[in-house]
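Enquirer: Have a look at this one before I ask anything.
So, in structure tokens, the structure goes:
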């Protein structure tokens, strides 16, 4: 894994902060990475999830009150994929279960609350893909259905509902979908 650009909260995981105008090597054996505004989630080839960067809302899922981590910390094992959104993280484990941590003030977890979490909490099963956005989440289940939850200020939930705070439980939007992106 190589990274470049702004590294003001330690989101590169290289132990430092600052601006990098050329890519620098961060880590080997990386299967997937999701980079957010100020935090990064890295899934290694062994299925372990590593997180670094801003942790103001608990988005690193390490259970601490540390404001940031400039070196990656192992958070979870048996991870298939990850997506980072604005101050939160969505994780799919190899068994298809969806887990989330960080800011949930707009109901972006879809767990029926608006409570933020500093450790990953299980949300649902049978998830094929998740895309964490700007305070809203798009979930593709293994049956091809799409579900959304969270902030709906611009209609991004897709349910034709009121603008503003959206549902804090997932709402089914479509069938027969192959891929999602928030």
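In our numbering, the protein residues as written are 23 to 204.
For each residue, glycine too, the CB sits at the ideal point set by N, CA and C.
Please state the DSSP three-state secondary structure of residue 49.
Expert: Residue 49 falls in the coil class under three-state DSSP.
Enquirer: So residue 43 and residue 60 are supposed to be a Cβ contact under 8 Å. How far apart are they, rounded?
Expert: With a Cβ gap of about 19 Å, residue 43 and residue 60 do not count as contacting.
Enquirer: Is the separation between the beta-carbon of residue 160 and that of residue 167 shorter than 9 Å?
Expert: Taking 9 Å as the Cβ cut-off, residue 160 and residue 167 do not qualify as a contacting pair.
Enquirer: If you run the structure through DSSP and keep just helix, strand and coil, what is residue 113?
Expert: In the structure shown, residue 113 sits in a strand (DSSP, three-state: E or B).
Enquirer: Quick one, are the C-beta atoms of residue 174 and residue 181 less than 9 Å apart?
Expert: Yes. Within cutoff.
Enquirer: DSSP on residue 90, reduced to helix/strand/coil?
Expert: Strand.
Enquirer: Taking its Cβ as the centre, do 16 or more other Cβ atoms sit within 10 Å of residue 201, making it buried, or is it exposed?
Expert: With fewer than 16 Cβ atoms within 10 Å of its Cβ, residue 201 is classed as exposed.
Enquirer: Near residue 38, what residues of its chain come up, given a Cβ to Cβ distance below 6 Å and the 5 sequence neighbours on each side ignored?
Expert: Nothing listed; no residue qualifies.
Enquirer: Residues in its own chain within less than 7 Å of residue 48 by CB, not counting five upstream and five downstream?
Expert: Excluding positions up to five away in sequence, the list reads 23, 24, 25, 34, 35, 36.
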